[in-house]
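Q: First residue of the sequence shown? That's 1 in full-length UniProt numbering, and the numbers climb one at a time after it. Supplied in structure tokens, the structure appears directly below.
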Amino acid sequence: MSAATQAQSYERRWQRFMQNPRILVERIYLPLVMLALHNWGKHHLYLALDTTVLWDEYCMIHLSVVCCGRAVPFLWQVLKHESAMVSSVSYRDLFRKAHWLLRAYPEVMLLADRGFACHELLAWLETRQWHYALRFAK
Numbered sequence: 001m002s003a004a005t006q007a008q009s010y011e012r013r014w015q016r017f018m019q020n021p022r023i024l025v026e027r028i029y030l031p032l033v034m035l036a037l038h039n040w041g042k043h044h045l046y047l048a049l050d051t052t053v054l055w056d057e058y059c060m061i062h063l064s065v066v067c068c069g070r071a072v073p074f075l076w077q078v079l080k081h082e083s084a085m086v087s088s089v090s091y092r093d094l095f096r097k098a099h100w101l102l103r104a105y106p107e108v109m110l111l112a113d114r115g116f117a118c119h120e121l122l123a124w125l126e127t128r129q130w131h132y133a134l135r136f137a138k
């Protein structure tokens, strides 16, 4: 079986899952993640910010919790946008929601690639007292 066939199979499964009217992903998923984080305690909480382009038509912005070397999806947003480069305005609400949900965690560290390095994000992170490590070009 070729990799293209396998990728199409995954895509079809996700399409069927997302089109199921009985499944309200946010009502199920977010409480499960928050329950898992409940026992995190006072440990540092690392979040990874990234984008993924889907079908050359949509851009998914995802904020993930880093656990045991893996990125576990926490919050995400899908935009009709053909590029992985998005402005900070596009993910502002995602960060506001994350900040509210993680208000009990004193040590939050954001990890992101150079595509997210902008003054607006840095100012927002500093006013919320979140730590960050952003990769910059050169």
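Note that CB positions come from ideal geometry on N, CA and C, so glycine has one too.
#1: Taking the continuous beta strand (DSSP E) assigned at Y46, which residues delimit it?
#2: Taking the Cβ atom as the reference point for each residue, do M109 and L47 lie within a distance shorter than 9 Å?
#3: Excluding the five sequence neighbours on either side, which residues of its own chain have a C-beta within less than 7 Å of the C-beta of L75, listed in chain order?
#4: DSSP three-state call for Q8: helix, strand or coil?
#5: Taking C-beta to C-beta, are M60 and V66 nearer than 9 Å?
#6: Just to confirm my understanding: we take M1, look at its own chain, exclude 5 residues before and 5 after, and list those with CB closer than 6 Å. What are they?
#7: Please report whether the beta-carbon of C118 lies at a distance below 9 Å from any beta-carbon of chain D.
#8: Would you tell me roughly how many angstroms separate the C-alpha atoms of R16 and V86, rounded to the nearest one?
#9: Taking the alpha carbon of G69 as the point to measure from, which residue in D56, W55 and L45 has its own alpha carbon closest?
#10: Given Y91, which residues of its chain have a CB within under 7 Å of its CB, disregarding the five upstream and five downstream residues?
A: From the atom records:
#1: L45 to L54
#2: yes
#3: L63, L94, K97 and A98
#4: helix
#5: no
#6: Only weak support is given to the placement of M1: the predicted model assigns it a pLDDT of 48, under 50, and the value that follows is read from those uncertain coordinates. Taken in chain order, the list of residues that qualify is empty.
#7: Among the chains in the structure shown there is no chain D, since it carries only a single protein chain.
#8: 27 Å
#9: L45
#10: I61 and Q77
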